[in-house]
Each structure stands twice: as C-alpha cells, then as structure tokens.
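Asks:
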Amino acid sequence: MSKQQWADTEVWGAIAQERERQRDELELIASENYASMAVMAATGSVLTNKYAEGLPRKRYYGGCQHVDVIENIARKRARDLFMPPDFDIGVNVQPHSGAQANAAVFLALLNGGHPTEDGHTGDAILGLDLSNGGHLTHGSSVNSSGRLYHGAHYRLRDDGYIDMNHVREMARSHKPKLLICGASAYPRIIDFAAFREIADEVGAYLLADIAHIAGLVVSGHHPNPFPHCHVVTTTTHKTLRGPRGGLIMGQRNLMKKLNSAVFPGTQGGPLMHVIAAKAIAFGEAQQPSFHTYCGQVISNAKAMAQTLMEEGLSLVSGGTDNHLMLIDLSDSDVSGKDGEIALGKAGITVNKNTVPNERRSPFVTSGIRVGTPAITTRGMKEEECRWIARKIAQVLRTPKDEALLQTICDEVHDLCGNFPIYPEL
Ligand code: DSN
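Going by numbering that gives the first Met the number 0, the first residue of the sequence shown is number 0, and it counts up by one from there.
Next up, the structure:
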C-alpha cells in the first residue's frame with residue numbers, strides 16, 4: 000500500500016471528525032451502539048476482498064476454505080445464543096441488514112402481487128403500524144413490503160401497549176399469511192406466545208423482528224421468540240453490539256426456502272468481513288459480561304424514564320421494560336424535530352419519532368426516542384442517566400436558550416471525557 004492511499008484527507012478528515020463526535024457527545028439513538036475494537040478490525044480486514052456466493056462447502060467461487068470456517072463459526076454461535084432447549088433452529092448469517100433479512104423472509108414465504116382497485120393481489124402481512132412504533136419493512140406502503148404485499152397494521156392501545164384483542168380482530172379480518180411482531184420504537188415486553196395463538200388461528204406464519212431487543216433476548220432479559228415464532232430476523236448492531244448487518248433464524252423445515260431467498264433471491268455475494276465481525280460479536284455476547292451489560296442497559300433506561308417523568312415529561316406507555324423510551328410531546332409546542340435539534344446543540348444525539356395518534360408530519364413528529372445501549376457500553380450507570388434525563392428536560396423546556404444549550408454541551412463533553420469508548424479515543 001502506498002502512502003498515497005492514506006492521503007484522501009476529504010474522507011479521512013470526515014472520519015476523524017465523526018470519531019470526535021462519538022467521543023464527545025452522548026449517543027442516545029436507541030438503535031446505535033459502539034462495536035468492540037475486534038468487531039471493527041474484522042470489518043476492516045482482508046475478508047472484504049473475498050467473494051463467497053453460496054453457503055459453506057457449497058460455494059460458487061474457489062478459495063473459500065477460510066471464509067467457510069468463519070461462516071460456520073458465526074452460524075454455530077448464533078444458534079447457541081438464540082436456540083432454546085429442545086428446539087432446533089437454522090441460521091443464515093448473510094443478510095446485509097435487517098431490511099434485507101425481512102425482504103428475504105417475505106420472498107421465501109409469501110406470494111407478491113400488485114395493488115389493484117379492489118385491493119392487492121399479493122399476500123397479506125399484518126404488522127405494527129409505523130407511526131405506532133413499527134418498522135418500514137413491516138408492510139409500509141413506501142417500502143417494497145407494502146408494494147409487493149398487502150400491508151395491514153395493528154395499532155397500540157391508548158395506554159401505549161399492544162392490544163392482543165385488537166391484533167386478533169385485525170388478523171381475523173385481513174387473514175394475513177404472515178403476522179409480524181417486533182418494533183422499532185416499542186418500550187414494552189412482546190408476548191410471543193399470544194401472537195402465535197393468533198397466527199395459528201388464522202393460519203399465518205409468525206415472524207418476530209427482534210432487531211432492537213436481540214441483545215436483551217440472548218442475555219435473558221426479554222423472553223425468547225423461539226419456540227413460538229416460525230422465523231426470527233434481527234440486526235446485529237443494536238443491543239447485540241456487533242457490526243451493521245442482519246440475521247435470519249427459522250424452524251429447520253423452512254431453512255431451505257429462507258436460504259435461497261437470501262441467495263440468490265435477494266442478495267449476491269455475502270460480506271465475509273461483516274460475517275467475521277458477526278462471529279466475533281456473537282462470541283462476545285456469550286460472555287457473562289454481556290449479560291451484565293444488558294441488565295445495566297435496562298436499569299439505566301428505567302432510571303432515565305423515571306427521572307424524565309419526575310421532570311414532568313410524558314412517556315408513551317408510562318415507562319419502559321427495555322432499552323428505550325418515547326418522550327411524547329403531543330401536548331407541547333416543542334415538536335420532536337425542535338427537540339432533536341436543540342438536544343443536538345447540547346451534545347445529546349436523539350431521533351425524532353412519531354407517537355401513537357400522531358398529529359404532526361413524520362418529518363416533524365411529536366416524539367423523541369431515547370435509548371441507553373450506547374451510553375451503557377461506555378460505562379455510564381443510573382446516576383449519569385438521571386443527570387442526562389434532567390438535562391434533556393431542561394432543554395425541552397427552553398429549546399431556544401442558546402446559552403443554556405452551550406452550557407449543557409460543555410457539561411456533556413466533560414461527562415463523556417470520564418467515559419472513554421475506545422482506548423485511543
Ligand atoms: N433505523 C432503525 C432504527 O433506528 O430503529 C430501524 O431501521
């Protein structure tokens with residue numbers, strides 16, 4: 000490698016600035032985390048050079064002997080992490096993302112079609128409404144899941160919880176071929192057994208998309224979707240703290256279809272550098288320290304939620320059981336967008352989010368989603384979370400007070416200085 004190749008100051012300069020942003024600011028985006036140095040090293044390794052279409056020992060390329068070892072390690076560790084006793088599951092570690100994993104599941108299990116004047120010629124899927132905390136890939140009309148299939152949606156009850164009676168009514172009326180449980184912004188426990196009962200009643204497959212809670216599931220802090228679900232998808236970079244990527248797990252009898260829906264159905268060459276990083280992350284998640292970490296993520300979220308409410312803020316469902324909470328600004332003049340901008344100036348990164356019964360546009364929103372996975376990785380505990388919650392409340396009370404935002408930003412930098420993320424950062 001010549002020195003010239005490191006001289007791209009435009010890109011490396013921006014990477015250096017991003018490193019400083021991560022070091023100096025509080026990352027409260029619920030879907031983000033800090034991967035370990037080992038995970039990052041694998042994603043930057045020579046494996047990025049290798050094509051390996053197919054599965055281990057059944058590849059369409061030569062020279063795959065070492066990547067086969069790596070993919071088999073990743074598959075075994077994922078099975079060991081997620082598989083409950085007495086229930087055999089298959090694993091595909093190749094999806095490039097959670098969205099790709101879901102697209103492959105749909106291709107494997109559903110017949111697609113197109114919207115017609117009378118409805119939709121594709122099979123129906125039933126998932127949580129996007130504005131109620133669901134995900135784009137769960138049948139939203141702007142996503143292929145809602146364009147190729149008929150997307151129907153259940154909503155949250157007024158108290159912010161999933162209402163299983165309403166899910167059952169929706170399932171009876173839409174007769175989905177696939178029922179989806181799982182969310183992007185739902186702070187409560189998901190009752191997989193209750194979803195399975197409904198899926199069985201209407202003859203649907205049950206998919207759990209556990210992208211957000213995967214770490215909490217493998218550490219035993221959230222019930223396991225197996226054996227209730229036919230298929231489970233997840234990302235690997237949220238609470239699971241691995242590289243950006245996706246994963247599909249399913250009942251053994253579905254794996255042939257699922258594997259071919261990933262390749263050649265929806266993807267070409269797997270990203271072997273990312274699969275190696277997934278294997279490393281799964282190994283990390285098998286350690287007792289990961290169990291402790293996930294317990295602390297939840298304790299931190301509960302401490303933060305409690306303090307936010309003591310400060311007069313309203314939370315969807317009145318609290319949290321997991322790693323995230325949703326501040327509901329429906330009754331406030333401050334929108335989710337205003338809050339995100341003001342908190343950003345104070346060195347606190349969050350994302351605006353729709354809330355149930357949303358009255359503002361999705362670009363503005365009435366909610367702010369707050370999560371504790373990243374700050375817990377850097378070692379923060381309940382005391383810091385209570386302090387952060389008080390600062391969030393202060394900012395949301397006076398989002399235009401630039402002097403206050405600057406003062407808090409300085410305090411945030413000081414706090415972050417006491418909790419380094421990486422040794423050299
Ligand atoms: N963007 C992810 C999240 O933030 O929850 C979902 O795709």
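By construction, the Cβ of each residue, glycine as well, lies at the ideal position given by its N, Cα and C atoms.
Using CA atoms only, rank isn't needed, just tell me which of Ser44, Gly132 and Ala203 is closest to Ile326.
Replies: Position 327 of the sequence shown, counted from the start, is the residue given in the question as residue 326. Nearest C-alpha to Ile326: Gly132.
Asks: Looking at His227 and Arg195, is the spacing between their C-beta atoms short of 8 Å?
Replies: Indexing the sequence shown from 1 puts residue 195 at position 196. Indexing the sequence shown from 1 puts residue 227 at position 228. In terms of Cβ geometry, Arg195 and His227 form a close pair [threshold 8 Å].
Asks: Starting from Ser388, trace the alpha helix (DSSP H) in both directions and tell me its first and last residue.
Replies: Translated into the one-based positions of the sequence shown, residue 388 becomes position 389. The amino acid occupying residue 388 in the given sequence is Ala; Ser does not appear at that position. Residues Glu381 to Arg396.
Asks: Which residue marks the beginning of the beta strand (DSSP E) containing Asp428, and which one marks its end?
Replies: Residue 428 is absent from the structure shown; the chain starts at 0 and stops at 424.
Asks: Taking DSSP as the reference, what is the three-state secondary structure of Asn223?
Replies: Start at 1 with the first residue of the sequence shown, and residue 223 comes out as number 224. If DSSP states are grouped into helix, strand and coil, Asn223 belongs with coil.
Asks: In terms of DSSP beta bridges, what is Leu155 paired with?
Replies: Working through the sequence shown from its first residue, we reach residue 155 at position 156. DSSP, once it has assigned bridges, lists Ile161 as partnering Leu155.
Asks: Just to confirm, does Gly181 get its C-beta within under 7 Å of one of the non-hydrogen atoms of the ligand DSN?
Replies: Mapped onto the sequence shown, residue 181 falls at position 182. Flag unset: Cβ of Gly181 not near the ligand DSN.
Asks: Return yes when at least one heavy atom of the ligand DSN lies under 7 Å from the C-beta of Ser298, else no.
Replies: Counting from one through the sequence shown, the residue named residue 298 turns up at place 299. False, no ligand heavy atom lies under 7 Å from that Cβ.
Asks: Taking 8 Å as the threshold (C-beta atoms), are Leu125 and Ile179 in contact?
Replies: Counting from 1 along the sequence shown, the entry for residue 179 is found at position 180. Counting from 1 along the sequence shown, the entry for residue 125 is found at position 126. It is a contact, given that the beta carbons lie within the stated cut-off.
Asks: Among His290, Lys336 and Val354, which one has its Cα closest to the Cα of Gly317?
Replies: By 1-based counting over the sequence shown, the position of residue 317 is 318. Out of His290, Lys336 and Val354, Val354 has the C-alpha closest to the C-alpha of Gly317.
Asks: With distances taken between CB atoms, is the gap from Leu54 to Asn252 smaller than 8 Å?
Replies: Locating residue 54 in the sequence shown gives position 55, counting from the first residue. Locating residue 252 in the sequence shown gives position 253, counting from the first residue. No, these two residues do not count as a Cβ contact at 8 Å.
Asks: Output the distance between the C-alpha atoms of Ala300 and Gly118, rounded to the nearest integer angstrom.
Replies: Position 301 of the sequence shown, counted from the first residue, corresponds to residue 300. Position 119 of the sequence shown, counted from the first residue, corresponds to residue 118. Spanning the two alpha carbons is a distance of roughly 42 Å.
Asks: For the ligand DSN, is there any heavy atom lying closer than 7 Å to the beta carbon of His290?
Replies: Locating residue 290 in the sequence shown gives position 291, counting from the first residue. No; taking the cut-off as 7 Å, the Cβ of His290 has no heavy atom of the ligand DSN nearer than that.
Asks: On the three-state DSSP scale, how would you describe Met82?
Replies: Along the sequence shown, read from residue 1 onward, the residue named residue 82 stands at position 83. Met82 falls in the coil class under three-state DSSP.
Asks: Start and end of the beta strand (DSSP E) containing Val231?
Replies: Counting from one through the sequence shown, the residue named residue 231 turns up at place 232. From DSSP, the beta strand (DSSP E) with Val231 extends over Val230 to Thr234.
Asks: According to DSSP, simplified to helix, strand and coil, what is Val349?
Replies: In the sequence shown, the residue the question calls residue 349 occupies position 350. In this structure, Val349 counts as coil in the three-state DSSP scheme.
Asks: Would you list the residues sitting across from Asn110 in a DSSP beta bridge?
Replies: Position 111 of the sequence shown, counting from 1, holds the residue named residue 110. The partner list for Asn110 (beta bridge, DSSP) is empty, contrary to what the question assumes.
Asks: What I want to know is whether the C-beta of Asp144 ends up closer than 7 Å to one or more non-hydrogen atoms of the ligand DSN.
Replies: The residue labelled residue 144 in the question sits at position 145 within the sequence shown. The question names Asp, but residue 144 is Ser in the sequence shown. No, the Cβ of Ser144 stays beyond 7 Å of every heavy atom of the ligand DSN.
Asks: Look up Arg425 in the DSSP assignment and give the residues it is bridged to.
Replies: Only positions 0 to 424 of the chain appear in the structure, and residue 425 is not among them; the question remains open.
Asks: Can you give me the C-alpha to C-alpha distance between Lys390 and Ser144, rounded to a whole angstrom?
Replies: Translated into positions along the sequence shown, residue 390 becomes position 391. Translated into positions along the sequence shown, residue 144 becomes position 145. Computed Cα separation, rounded: 39 Å.
Asks: What are the boundary residues of the alpha helix (DSSP H) that includes Asp199?
Replies: Translated into positions along the sequence shown, residue 199 becomes position 200. Phe191 to Val201 is the span of the alpha helix (DSSP H), which, as asked, contains Asp199.
Asks: Are Thr375 and Val296 close, meaning C-beta to C-beta below 8 Å?
Replies: On the sequence shown, position 376 is the one that residue 375 refers to. On the sequence shown, position 297 is the one that residue 296 refers to. Yes, they are a contact pair.
Asks: Which value, in whole angstroms, describes the spacing of the CA atoms of Arg56 and Leu25?
Replies: Within the sequence shown, numbered from 1, the residue matching residue 56 stands at position 57. Within the sequence shown, numbered from 1, the residue matching residue 25 stands at position 26. Each residue's alpha carbon lies about 44 Å from the other.
Asks: Would the C-beta of Ser139 count as close to the ligand DSN, meaning under 7 Å from any of its heavy atoms?
Replies: Position 140 of the sequence shown, counted from the first residue, corresponds to residue 139. No - the ligand DSN has no heavy atom lying nearer than 7 Å to the Cβ of Ser139.
Asks: From Tyr292 to Gly378, what does the alpha carbon distance come to, in whole angstroms?
Replies: The residue you call residue 292 lines up with position 293 of the sequence shown. The residue you call residue 378 lines up with position 379 of the sequence shown. Distance between the alpha carbons of Tyr292 and Gly378 is about 9 Å.
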